[in-house]
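Novice: Take a look at the following structure, please.
Residue numbers (the working numbering): 773 to 1157.
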């Protein structure tokens, strides 16, 4: 189902028999288009539901005015009827779909500005701990609401409530470096498995150092993974095979009930749409088939869970294809993705800052889902935490 972005007004709802082909409609035409008066009902049948139908929120309200009956929403799992009135209740709340409660995290005050940039006028400073609401993003700036005003704050100083802060890096780090990141408030680090780039490859010694410093580890497999030619079934098989090999070498715990352990696979689009979704689907089919075969052949039926690292378009598509079997790590902007803020509701990790310098190391900053649950992030090294 297509989710509405912070700046959009379109919502996909299910109404195949209520054919709707215009983005905007005059109010009278809309009433006629959605008229069910001749049927004498204000209910939609479950068979009318079609998740590919775009309905404008304004028009949903118009529908609701015509069928303003306040009966309870039928349980769609047990009943075949849904009250149209309740659709407008969904519509009224759509502007909150990507709102996220957060707070300022900084050693000092942070400027609340009229626009996304250091040259933009300052509305006023916000102190550490100030509560606000994230409603959008532009490059490395969050669009936020504070009291009755809307403005922008540098993303590095905004932390979603309850979420855990982490980072990913290509750079191999020492115990002392990991200890400094832990001291700075980071809870997890993501490091790489790779067959093509040995410099960024996670070793068992480094994994133990991160664990010793008190950081959770996240494993991500990436060679190049940035062009359509790298995404097909055969590449999925090859990279999943290599990821399994390296996970064993490093000592990544297998996934067990109550203690999941995932390997994320990267889809690194520089521009949205660079890689056809059909290619990506085949690539992940190869990954899954390989992991399934490994588990089937293993005497103890051990395996790791599968995750995807990619932008909104990619993770949303794969979530809908693979469901709850897939872990989601949604990336921040890449080149050509200005004003990108389509955060997928079911993300496990969200990358909020791209290529920033911390403690002399080039990193991307991330945070876990706002439940603060790190159980989907473990890479516990045998003999350590």
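Note that the Cβ used here is the ideal one computed from N, Cα and C, for glycine as well.
1. Looking at the secondary structure, which residues open and close the alpha helix (DSSP H) in which residue 909 lies?
2. Spell out a yes or no on whether the segment 890–900 and the segment 955–963 are touching, meaning 3 or more CB-CB pairs, one atom from each, closer than 8 Å.
3. Check residue 900 in the structure and name its three-state DSSP category.
4. Give me the DSSP bridge partner(s) of residue 974.
5. Looking only at its chain, what residues have a beta carbon closer than 6 Å to the beta carbon of residue 1068, apart from the 5 residues adjacent to it on each side?
6. Grab the span of the alpha helix (DSSP H) containing residue 891 for me, first residue to last.
7. If you compare alpha carbons, which of 954, 1063 and 1057 is closest to residue 1091?
8. Alpha carbon to alpha carbon, how far is residue 968 from residue 996? Give it in angstroms, no decimals.
9. In angstroms with no decimal places, state the Cα-to-Cα distance between residue 979 and residue 1035.
10. Say whether the segment 1119–1133 touches the segment 926–934, bearing in mind that this needs 3 or more beta-carbon pairs closer than 8 Å, one atom from each stretch.
11. Near residue 811, which residues of its chain fall below 8 Å by C-beta distance, leaving aside the five closest residues on each side in sequence?
12. Work out the CA separation of residue 939 and residue 902 for me, nearest whole Å.
13. For a quick check, are the C-beta atoms of residue 965 and residue 1002 less than 9 Å apart?
14. If residue 1098 sits next to residue 1078, beta carbons under 8 Å apart, how far is it from one beta carbon to the other, in whole angstroms?
15. Could you compute how far the alpha carbon of residue 1101 sits from the alpha carbon of residue 922?
16. According to DSSP, what are the bridge partners of residue 1077?
17. Under a three-way DSSP split, which group does residue 1047 fall into?
18. Rounded to whole angstroms, how far is the Cβ of residue 1052 from the Cβ of residue 1011, which I believe are closer than 8 Å?
19. Would residue 982 and residue 989 be called neighbours here (beta carbons separated by less than 9 Å)?
20. With 16 other CB atoms within 10 Å as the buried threshold, where does residue 1072 fall?
21. Strictly by DSSP, which residues pair up with residue 918?
22. Given residue 883, which residues of its chain have a CB within under 7 Å of its CB, disregarding the five upstream and five downstream residues?
23. Could you give the distance in angstroms between the alpha-carbon of residue 905 and the alpha-carbon of residue 1081?
24. Rounding to the nearest angstrom, what Cα-Cα distance links residue 991 and residue 916 in this structure?
25. Quick one: grab the DSSP three-state call for residue 1119.
26. Starting from residue 953, trace the alpha helix (DSSP H) in both directions and tell me its first and last residue.
27. Among residues of its own chain, excluding the 5 on either side of residue 1089, which ones have a beta-carbon nearer than 6 Å to its beta-carbon?
28. Ordered along the chain, which non-local residues of its own chain (more than five positions away) have a Cβ less than 7 Å from that of residue 1026?
29. For residue 1138, count the other beta carbons within 10 Å of its own beta carbon; 16 or more makes it buried, fewer makes it exposed. Which is it?
30. Which of helix, strand or coil does DSSP assign to residue 1158?
31. Which residue or residues does DSSP assign as beta-bridge partners of residue 873?
32. Residue 1041: buried (16+ other C-beta within 10 angstroms of its C-beta) or exposed?
33. For residue 1083 and residue 1119, which I take to be in contact (beta-carbon distance under 8 Å), what is that distance rounded to the nearest angstrom?
Specialist: Considering the structure as presented:
1. First-last for residue 909: 903–910, but that is the beta strand (DSSP E), not the alpha helix (DSSP H).
2. Segment contact: the segment 890–900 against the segment 955–963, fewer than three CB-CB distances shorter than 8 Å; contact not assigned.
3. Residue state, collapsed to three classes: coil.
4. DSSP, once it has assigned bridges, lists no residue as partnering residue 974.
5. Cβ neighbours of residue 1068 within its own chain (closer than 6 Å, five residues either side excluded): none.
6. Element bounds for residue 891: n/a, residue is neither H nor E.
7. Of the listed residues, the one whose Cα sits closest to residue 1091 is 1057.
8. Distance from the CA of residue 996 to the CA of residue 968, rounded to the nearest whole angstrom, comes to 8 Å.
9. It is roughly 14 Å from the alpha-carbon of residue 979 to the alpha-carbon of residue 1035.
10. Inter-segment contact for the segment 1119–1133 and the segment 926–934 is present: three or more beta-carbon pairs are separated by less than 8 Å.
11. Annotation note: pLDDT 38 at residue 811 (below 50); position unreliable, no value reported.
12. Between residue 902 and residue 939, the alpha-carbon positions lie close to 23 Å from each other.
13. No; because the gap between Cβ atoms is not below 9 Å, this pair is not in contact.
14. Between residue 1078 and residue 1098 the Cβ distance is about 6 Å, and since that is below 8 Å, they are a contact.
15. Across the structure, residue 1101 and residue 922 are spaced so that their CA atoms are roughly 28 Å apart.
16. According to DSSP, residue 1077 bridges with 1034.
17. Coil, per DSSP.
18. Contact flag wrong, Cβ pair sits at about 13 Å.
19. It is a contact, given that the beta carbons lie within the stated cut-off.
20. With fewer than 16 Cβ atoms within 10 Å of its Cβ, residue 1072 is classed as exposed.
21. Within the DSSP bridge table, the entry for residue 918 names 921 as partners.
22. Residues of the same chain with a CB within less than 7 Å of the CB of residue 883, apart from the 5 flanking positions on each side, are 894 and 897 in chain order.
23. One C-alpha to the other measures close to 25 Å.
24. Here the alpha carbon of residue 991 sits roughly 32 Å from the alpha carbon of residue 916.
25. DSSP places residue 1119 in coil when its eight states are reduced to three.
26. Looking at the DSSP string, the run of the alpha helix (DSSP H) that includes residue 953 is 947–955.
27. These residues qualify, in order along the chain: 1049.
28. For residue 1026, where only same-chain residues beyond five positions count, the Cβ hits under 7 Å are 1033, 1074, 1075 and 1076.
29. When all chains shown are included, residue 1138 counts as buried.
30. There is no way to answer for residue 1158, as the model of the chain reaches only from 773 to 1157.
31. For residue 873, which the question treats as bridged, DSSP gives the partners 905.
32. Answer is buried; the Cβ neighbour count reaches 16.
33. Actually they do not touch by this definition, with Cβ atoms about 11 Å apart.
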